[in-house]
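Novice:
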Amino acid sequence: MARTRLIDPKGWIFLAALAAICVIVPLLNLGFPPGSALHLPTYLVSLFGKYLAFALLALALDLVWGFCGILSLGHGAFFALGGYAMGMYLMRQIGSRGVYGNPILPDFMVFLNYKDLPWYWLGFDHFAFAALMVLAVPGLLGFVFGWLAFRSRVTGVYLSIITQALTYALMLAFFRNDMGLGGNNGLTDFKDLLGFNVQAQGFRVSIFVATGVALAIGYLIARFMTVSAYGKILIAVRDAESRTRFLGYRPEHFKTLAFTISAMMAGVAGALYVPQVGIINPGEFAPTNSIEAVIWVAVGGRGTLVGAALGAVVVNYAKTVLTGVMPDAWLFALGALFVVVTLFLPRGIVGTAMEKFGGRRAAATLPPEPEIPPQLAEEGQGS
Amino acid sequence: RAEETIKVGILHSLSGTMAISETTLKDVMLMLIAEQNAKGGVLGKKLEPVVVDPASNWPLFAEKARELISKDKVAAVFGCWTSVSRKSVLPVFKELDNVLFYPVQYEGEESERNVFYTGAAPNQQAIPAVDYLMSKDGGEAKRWVLEGTDYVYPRTTNKILEAYLKSKGVASEDIMINYTPFGFSDWQTEVSKIKAFGSAGKKTAVVSTINGDANVPFYKELGNQGIKATDIPVMAFSVGEEELAGIDAKPLVGHQAAWNYFESIKTPENEAFIKQWQAYRKNPKAVTNDPMEAHYIGFNMWVKAVEKAGSTDPEKVIAALPGIEQKNLTGGTAKMLPNHHITKPVFIGEIEASGQFDVVNKTEGLIPGEAWSKQLEGSKDLEADWVTLKCGNYNTKTKKCGGA
Amino acid sequence: MLSVDGIDLYYGAAQALRGVSLAADPGKVTTVLGRNGVGKTSLLRAIVGQQPVRKGVIRLDGREIQGLAPYDRARAGIAFVPQGREIFPLLTVKENLETGFAPLKRRDRHVPGEIYDLFPVLKDMLHRRGGDLSGGQQQQLAIGRALVTRPKLLVLDEPTEGIQPSIIKDIGRAILYLRGKGEMAIVLVEQYFEWARDLCDTYAVMDRGQVVLSGSRSEMVEADVLKWMSV
Amino acid sequence: MTRFLALLLLLIAAPACAQAPSPYEKFASDNYSDIDAGVAGLAASGDPRAGDILAALSDGRLFYRPADKTLFIKQGPALSDARTGAPAPADDGLKLVRANTRIRRAIEAAQGQLNLASPNAGRRREAADAVFKARDVAALPALDAALARETDASVKRTLTEARAAVLLVKPGTSEGDRLSAIPPIQARGDGDAMGALRGLSADPSEAVRAAAAKGIAAIETKLALLNAAQNVWYGVSLGSVLLLAAIGLAITFGVMGVINMAHGEMVMLGAYTTFLVQELIRAKAPGLFGWSLAISIPCAFVVAGAVGVLIERFIIRFLYGRPLETLLATFGVSLALQQTVRSIFGPTNREVGAPAFMSGAFDLFGLSVTLGRMWIVAFSIAVFFGLMFVLRKTSFGLKTRAVTQNRRMAAAMGIRTPYVDAMTFGLGSGIAGIAGVALSQIDNVSPNLGQSYIIDSFLVVVFGGVGSLWGTLVAALTLGVANKLAEPYFGAVLAKIGMLVFIILFIQKRPRGLFALKGRAVES
Amino acid sequence: MSMAETLPPVTQQGLELGPANRKKTTGALLYLDDLKVTFDGYRALRGLSLSLDRNEMRAIIGPNGAGKTTMMDCVTGKTRPDTGTALFDGTHDLLKLDEPAIADLGIGRKFQKPTVFESHTVADNILLALKGPRAGVASLFGWRNRVEAESIDEILTVVGLLPHRMRPAADLSHGQKQWLEIGMLLAQDPKLLLVDEPVAGMTDAETEATAILLRTIAKDHAVVVVEHDMAFVRALGCRVTCLHEGAVLAEGSIDSVSADPRVVEVYLGR
Ligand SMILES: Nc1ncnc2c1ncn2[C@@H]1O[C@H](COP(=O)(O)OP(=O)(O)OP(=O)(O)O)[C@@H](O)[C@H]1O
Ligand SMILES: Nc1ncnc2c1ncn2[C@@H]1O[C@H](COP(=O)(O)OP(=O)(O)OP(=O)(O)O)[C@@H](O)[C@H]1O
Ligand SMILES: [Mg+2]
Ligand SMILES: [Mg+2]
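Residue numbers (our numbering), protein chains in the order written: chain A, 36 to 418; chain B, 17 to 420; chain C, 21 to 251; chain D, 62 to 585; chain E, 4 to 273.
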């Protein structure tokens with residue numbers, strides 16, 4: 036059997052580009068003094084770092100949506116949970132440098148009269164524990180949620196909407212001040228991570244590179260999963276879930292595994308995002324954030340992995356530029372971008388490019404979606 | 017080549033949930049800058065506004081703040097509305113050492129070197145408002161509903177108020193505290209709860225820290241359930257002329273708001289300001305409100321400070337600002353205090369059918385803003401003074417500056 | 021009535037029909053025979069307008085219709101019984117039949133009784149959802165639905181697929197009945213050779229997207245046809 | 062400080078009150094305590110002009126001349142002497158007698174006392190009610206007098222209740238009187254009655270305390286029942302709002318399969334249409350204001366429907382067969398629509414007024430039913446059944462369902478699919494627009510209006526079962542009622558979270574919603 | 004799916020396979036007894052009983068809507084009957100297992116309407132069907148990643164799809180999809196094959212080929228074939244069961260069944 040290679044040409048281009056960025060950006064930032072024409076301002080480093088974190092989120096989403104047909108409208112939840120885990124660690128690192136000088140309690144707890152640290156904050160003063168939680172919390176939620184939903188054969192829009200309900204419920208919960216996680220203000224005013232000052236230039240460059248590396252690893256994991264027989268089964272599940280059952284596969288296992296791994300990837304993305312933007316708050320759980328992430332994937336090209344990452348960068352870059360250049364009309368431009376992409380690049384940027392130049396359709400290409408309403412669209416199962 | 021200008025950043029959401037409140041603040045800043053330029057600018061240079069849209073997204077606030085300071089090299093930033101947006105940009109201002117003027121009433125518990133708070137601290141709004149409600153003129157309220165949106169500002173304010181009320185002898189069972197989510201729109205149950213609470217035979221008043229969009233449905237429901245101000249007055253801290261423009265005010269006549277500015281206050285300065293604003297917006301019905309005045313004060317203070325320092329260098333401007341005075345639009349003179357808050361008069365206004373406020377009470381003189389609340393356990397020993405102590409949270413007990 | 025002249029049809033880059041011609045006349049049955057994947061369905065799709073043709077002309081009553089949208093062709097008198105039935109699954113049997121009213125004038129909007137005579141089972145199941153019927157029942161419904169539009173040209177794609185023998189006979193009788201009325205031209209794609217042979221007036225055999233053999237039934241040499249139909 | 066000042070003023074005012082019997086001078090003041098005293102004095106004076114003067118004060122039409130403290134009433138441009146009612150010449154030097162909430166309260170109490178003698182029975186009952194609520198001891202003589210005169214049974218009962226309530230607070234009422242005052246209050250049985258009885262908890266007499274406790278218990282049971290019923294009503298009304306918001310989506314999403322993120326913006330367009338219609342009516346034909354909503358309904362339908370048709374023709378139609386991508390395109394559309402409205406109408410809320418028939422509330426066996434909500438419930442049900450009729454009973458509905466179930470086959474049956482598609486999407490959008498008319502009555506009319514409903518709408522449609530209109534109805538009402546029943550116990554936030562979690566779990570049980578379509582039809 | 008209330012027993016026609024006969028039949032590979040299925044009040048199966056020996060081939064005929072496909076749905080776990088017994092290999096209670104577990108026991112199925120993985124190539128469709136471990140981890144690291152092309156091509160040759168091996172299955176014509184599904188069934192290599200209308204849409208020559216293929220398979224597998232093509236059924240040369248209204252109407256050799264007047268009446272027609 037002609038096996039698909041782990042890294043195909045577009046993968047090489049992607050990894051090479053990523054490697055180049057991870058070298059050039061630090062070089063331009065650290066290697067040239069501010070004021071030099073070649074100097075890259077530190078704020079841009081963090082901005083790019085943020086894009087890369089989003090790219091990892093998009094990649095995670097593409098793994099489940101593009102290859103498994105699970106349109107998650109709640110992936111922001113995993114991202115935010117990872118972010119909170121990191122935020123809690125960063126909060127504990129502040130120690131007695133908070134405004135009230137309390138060595139244990141973060142500031143917001145002091146002025147809301149907390150006496151002790153809530154139990155779920157314990158352990159977060161250790162980086163290793165926090166890092167574990169970055170994976171474990173989103174992973175566990177993804178596993179439990181996925182296992183329940185997939186076992187009950189919740190599919191299609193039903194699944195999409197309950198993922199949205201999930202993130203919405205979490206948003207409301209985290210908004211509550213009684214949750215002990217800072218309520219609406221969230222966690223902010225971070226000082227240092229592993230002893231490095233999060234504001235320092237060196238730190239910003241390092242975490243940028245770390246995000247780049249995480250993205251590359253995420254890509255390789257996703258790629259490994261999708262080129263193996265496992266990936267083929269995922270696609271089979273996506274196209275005709277119940278048919279796979281009659282072949283003896285248990286789609287719920289395959290989906291849950293993919294969903295859990297994807298959730299963990301999203302969690303890592305969130306954890307890398309937080310120190311770079313300096314705040315994590317319940318707004319990250321907002322359903323529109325998750326929908327936006329889906330849109331990055333669609334813009335870049337669903338089911339292409341590279342495209343998802345590219346889409347995240349493109350859309351967010353457009354957002355950064357447009358909110359600055361045309362603050363009153365950027366929504367028009369962004370809205371138009373989405374419409375134009377759907378109409379003229381039906382497979383997204385990368386998907387369309389692959390179709391143009393790539394010749395044969397790969398197995399991951401999407402089937403023509405059935406022309407039937409959503410209640411029918413989930414399973415194309417014959418009698 | 018264009019001549020050299022001084023750039024001023026404007027960091028207010030123009031889209032998303034907060035656009036409803038913040039967009040006018042952007043406009044008022046543009047107006048003030050244009051006016052200053054007409055007067056010849058500052059230090060002989062013209063001011064150039066840099067507007068960005070952080071889109072009601074808190075991390076984006078931080079990103080945009082960074083962009084304004086690092087890329088556009090602004091001399092100062094006027095912006096933010098919600099506390100979380102301020103908290104989000106704080107580290108950026110500290111790191112890049114720039115100046116933020118924050119124009120909205122807030123929960124206090126903060127004093128930062130780089131931030132100047134031109135809105136009210138709790139002692140400049142909440143406490144006087146409650147004092148009024150307890151007074152004979154205010155209706156001698158004995159039972160209290162503290163109704164708020166579930167976030168930091170109402171939580172803190174209510175905490176302060178609860179402590180304050182208890183210190184005034186109000187029993188626990190006469191205080192009901194209630195929180196609802198952001199953008200809450202179905203107020204039937206909450207309002208009927210208030211109604212029930214208010215039917216216990218004691219004069220009841222509601223102190224509302226309900227935020228933003230949720231106010232309109234709240235007031236509509238009050239009107240629908242026939243709760244008149246004479247039954248249970250509602251004292252709001254976040255409802256101004258702007259918000260009322262979206263509601264039919266007739267059923268709300270007599271409900272109250274506490275602010276440091278009302279459009280209806282007749283002073284020559286205010287009349288001129290309103291005229292200028294309506295001309296600028298080309299809309300004879302455009303209304304003014306409290307945070308707009310805060311920006312007016314903040315901006316003029318900044319101009320004076322720059323001129324005093326002879327430079328826009330944030331370092332020097334920060335040093336120059338405390339002590340700067342600027343006339344309020346409503347009479348009296350605001351003064352920037354060493355704790356980076358300002359002195360303010362406090363007014364209680366009652367809603368009129370026209371959607372304006374009738375000022376029914378005014379504090380004697382101006383009240384200095386307190387960064388740290390005297391009512392809260394953790395903060396009553398803290399003091400902010402950036403002039404002599406050079407510290408925002410000096411602990412008078414331990415004689416140490418915390419957090420530094 | 022129907023004449024198809026030298027049409028080419030493509031799916032993307034792959035060509036499925038090459039210069040196919042076909043004719044059908046009122047009161048006559050034209051069958052199209054051929055192995056799997058030779059392009060029979062593609063030909064019918066071209067006629068009813070579900071797939072555009074790249075070359076060639078399709079005429080109905082002398083009028084060129086290859087540029088018309090499928091619904092306009094239906095309004096011009098073409099009815100289609102597709103392979104795989106394509107019943108509207110959530111509509112009841114009655115409603116499925118009523119979808120055929122669209123091209124009709126208001127006064128014609130009723131289900132002709134002869135349809136229930138041909139397929140009595142439909143009458144029993146009027147209020148069940150079309151999608152719930154068994155395969156064979158759906159096939160009968162699909163034919164009935166097509167007849168509701170009182171077509172000039174009836175296009176059937178493998179109508180016997182999955183049908184019990186007695187009903188195949190019924191369908192055969194129905195086709196003969198319709199042919200006998202002399203108003204309707206019928207194009208029939210079929211695999212079931214003997215049955216098709218007995219019904220048809222003219223025939224065409226396809227292979228690899230081309231018509232390789234055609235003529236009237238009287239001239240048909242069975243062995244030649246069967247040769248094209250074996251593997 | 063302020064309190065102290067007020068007290069001081071009171072002390073100064075009190076003797077003044079005793080000296081000068083004429084209450085009129087009291088009004089000529091900037092001090093609310095003086096004005097308050099004036100109101101009380103006027104009410105007690107029995108002056109026949111008191112009613113007019115108090116009304117003028119409450120409306121901001123009462124003026125005084127600082128020089129001689131004469132009072133004037135302004136009626137339109139005309140000025141009259143308040144004391145005599147004689148017309149007076151215009152005067153520039155007049156100052157307004159200001160009223161604040163304290164004064165308005167006093168006015169209400171005074172008017173209440175005056176109204177006790179009103180010839181209108183309804184007025185009298187209201188007045189008696191007001192006295193009951195205020196429990197003002199000063200009103201006792203007026204009450205007694207009124208009770209002696211009263212002939213109407215129901216007014217008499219209210220008066221008795223009021224008198225009982227006043228007796229309970231009056232110092233020095235004998236134990237026997239206190240005891241006999243309890244039963245009428247208990248019979249009244251509402252929150253205010255409970256408040257009155259609660260006041261007895263510190264009563265010196267054991268018997269009175271016991272009787273009051275019994276009364277309170279009785280009222281509590283009754284109120285608990287009422288409360289439950291009230292909450293159900295609130296739930297129904299919340300449900301009807303959810304239904305309205307979701308029902309258009311039930312078509313564009315449920316029937317057509319378009320993941321329509323711009324649905325909320327259609328609702329918003331409907332609300333803004335209402336605003337425009339009202340502005341136009343206010344400017345051109347104020348007399349029609351009562352009809353403004355009725356006029357807005359077709360307008361909103363047409364506006365939102367037309368926008369829907371445009372969206373379908375220019376965007377959606379290229380996406381049939383790619384349902385998931387409609388999410389992307391309609392999200393883009395929704396951003397653009399929001400910004401368009403923001404640019405045209407500004408970011409702030411717009412005021413949409415309520416016509417008279419929708420304002421206020423009425424009492425239904427102790428339940429308080431607000432008229433606005435009642436109309437919305439009725440309206441949503443009407444819209445629902447109207448839509449049901451269109452989809453189930455008309456040929457358009459049949460075509461719609463055929464097209465959405467199998468577009469290709471529908472075309473082969475001669476159905477003009479592009480037309481049906483455009484009209485169906487237009488219908489869904491138009492209905493969303495109509496929802497906007499109703500929502501403008503209870504929510505902000507701002508560019509963000511739609512955003513706040515979109516998630517709930519999707520939840521309702523999915524919870525009910527995509528494609529099932531009945532499902533949408535039942536889901537909306539279920540979620541509304543469940544939410545409102547939970548709210549008093551858990552608070553608004555937890556109730557909402559609970560509801561979301563419930564939906565998530567419920568979908569595990571019924572993966573295709575409440576009214577799942579079953580059988581082979583769905584799978585084939 | 005709701006299998007509503009238990010229905011009153013229906014008088015069974017044809018062979019009685021009541022509890023009394025059970026002893027004899029538990030040695031059977033597939034044993035169905037008194038299956039009843041109701042869909043929204045419609046009784047699709049009304050006490051169906053059937054028994055199939057090892058390596059037996061059985062043809063099932065019966066009018067449209069008789070319940071043939073529903074019977075297969077019950078055996079493969081797609082539909083849960085209201086009542087009845089379904090045993091596989093004498094020991095496995097099929098009614099307690101779900102679809103993958105049943106497939107795992109060795110029951111494979113071809114659907115009436117061909118159902119293949121449309122965006123996979125023809126070859127990958129076969130690859131996924133190949134017998135072997137089905138677990139997720141196994142597919143991530145297991146042998147399925149290293150299957151040689153030859154073993155797949157062998158199967159594709161049998162079903163005549165070798166030239167199409169790299170085409171997406173979506174591009175196949177209707178009949179080609181039928182063949183692909185048969186190929187997948189072969190690859191799965193189950194103990195019991197349930198084949199629903201395999202020759203629908205095939206030419207006569209292909210029909211013959213299919214009959215031969217099935218007979219070869221039946222040498223060491225049990226096969227249940229549902230068909231309406233009587234010539235094909237005859238060519239299978241096996242025992243025939245005729246279903247009607249959810250129960251067995253007649254069973255026996257092709258000649259005896261097709262001579263049965265009731266079968267002629269409801270099924271074959273005159
Ligand atoms: N949607 C499609 N996309 C690409 N190729 C297609 C498509 N449909 C059919 N084909 C190809 O076109 C050719 C003709 O197919 P068609 O369906 O017309 O065959 P047919 O004669 O009807 O076969 P059958 O008897 O199996 O129904 C086949 O090779 C098929 O693979
Ligand atoms: N999921 C379902 N929901 C409702 N009715 C169903 C369902 N499945 C089958 N039926 C009904 O049960 C009956 C038996 O159907 P089944 O498909 O088993 O028939 P069949 O014998 O396979 O017929 P055919 O030869 O036409 O394929 C039919 O009348 C059908 O309408
Ligand atoms: Mg075909
Ligand atoms: Mg069948």
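Each residue gets a CB set at the ideal place from its N, CA and C atoms; glycine is no exception.
Which of the three DSSP states is assigned to A:D363 in this structure?
Specialist: The sequence position of residue 363 of chain A within the first sequence is 328, counting from 1. Coil, per DSSP.
Novice: Work out the CA separation of D:F193 and D:A226 for me, nearest whole Å.
Specialist: Indexing the fourth sequence from 1 puts residue 226 of chain D at position 165. Indexing the fourth sequence from 1 puts residue 193 of chain D at position 132. Taking the straight line joining both Cα atoms gives about 6 Å.
Novice: Below 9 Å between beta carbons: does that hold for C:Q184 and E:G65?
Specialist: Here residue 184 of chain C corresponds to residue number 164 of the third sequence, with the count starting at 1. Here residue 65 of chain E corresponds to residue number 62 of the fifth sequence, with the count starting at 1. In contact: C:Q184 and E:G65 (Cβ atoms closer than 9 Å).
Novice: Compare the C-beta of D:A189 with all C-beta atoms of chain A and state if any pair is closer than 9 Å.
Specialist: Within the fourth sequence, numbered from 1, the residue matching residue 189 of chain D stands at position 128. No, its Cβ sits nowhere closer than 9 Å to a Cβ of chain A.
Novice: Any chance the stretch 167-178 of chain C sits against the stretch 115-132 of chain C, with 3 or more Cβ pairs inside 8 Å?
Specialist: Judged by Cβ distances under 8 Å, the stretch 167-178 of chain C makes contact with the stretch 115-132 of chain C, as three or more pairs qualify.
Novice: So the candidates are A:L140, A:R211 and A:M123; which of them puts its Cα closest to the Cα of A:S131?
Specialist: Within the first sequence, numbered from 1, the residue matching residue 131 of chain A stands at position 96. If we check each option's Cα against that of A:S131, A:L140 comes out closest.
Novice: CB E:E230 to CB A:S277, shorter than 9 Å?
Specialist: For the purposes of this step, residue 230 of chain E is taken as residue 227 along the fifth sequence, with counting starting at 1. For the purposes of this step, residue 277 of chain A is taken as residue 242 along the first sequence, with counting starting at 1. Contact flag unset, no.
Novice: Chain E partners of A:M260, CB-CB under 8 Å?
Specialist: Counting from 1 along the first sequence, the entry for residue 260 of chain A is found at position 225. L143, listed in chain order.
Novice: From the DSSP secondary-structure annotation, give me the bridge partner or partners of E:E254.
Specialist: Start at 1 with the first residue of the fifth sequence, and residue 254 of chain E comes out as number 251. DSSP lists E:T244 as partners of E:E254.
Novice: Based on the DSSP output, what are the partners of D:Q136 in its beta bridges?
Specialist: Position 75 of the fourth sequence holds residue 136 of chain D. Looking at the DSSP assignment, D:Q136 forms a beta bridge with D:A139.
Novice: Rounded to whole angstroms, what's the CA-CA distance from A:L175 to E:V228? Just pull it up for me.
Specialist: As a working mapping, residue 175 of chain A is identified with position 140 in the first sequence. As a working mapping, residue 228 of chain E is identified with position 225 in the fifth sequence. Whole-angstrom Cα-Cα distance: 46 Å.
Novice: Of all the alpha helix (DSSP H) runs that stay within the bounds of the stretch 84-148 of chain D, which reach a length of 4 or more residues?
Specialist: The qualifying runs are 85-88, 93-106 and 111-120.
Novice: With distances taken from CA atoms, which of C:G47, C:L63 and C:L80 is nearest C:M226?
Specialist: On the third sequence, position 206 is the one that residue 226 of chain C refers to. That would be C:L63, whose Cα lies nearest to the Cα of C:M226.
Novice: Should C:F139 be flagged as near chain D, meaning a C-beta pair shorter than 9 Å?
Specialist: As a first step, residue 139 of chain C is located in the third sequence; it is residue number 119 there, counting from the start. With 9 Å as the cut-off, C:F139 does not count as an interface residue toward chain D.
Novice: Kindly indicate which three-state DSSP category E:A31 falls into: helix, strand or coil?
Specialist: Taking the fifth sequence and counting its residues from 1, one reaches residue 31 of chain E at position 28. DSSP places E:A31 in coil when its eight states are reduced to three.
Novice: By Cβ distance, which residues of its chain are closer than 7 Å to E:L239, with the 5 residues on each side in sequence left out?
Specialist: For this step, residue 239 of chain E is matched to residue 236 along the fifth sequence. Hits under 7 Å: M60, A62, A214, L217, R218 and V228.
Novice: Pair every Cβ in the stretch 298-311 of chain A with every Cβ in the stretch 83-98 of chain A, then say whether three or more of these pairs are closer than 8 Å.
Specialist: Yes, the stretch 298-311 of chain A touches the stretch 83-98 of chain A.
Novice: So, are the CB atoms of B:L41 and B:P138 less than 9 Å apart?
Specialist: Taking the first residue of the second sequence as 1, we reach residue 41 of chain B at position 25. Taking the first residue of the second sequence as 1, we reach residue 138 of chain B at position 122. No, these two residues do not count as a Cβ contact at 9 Å.
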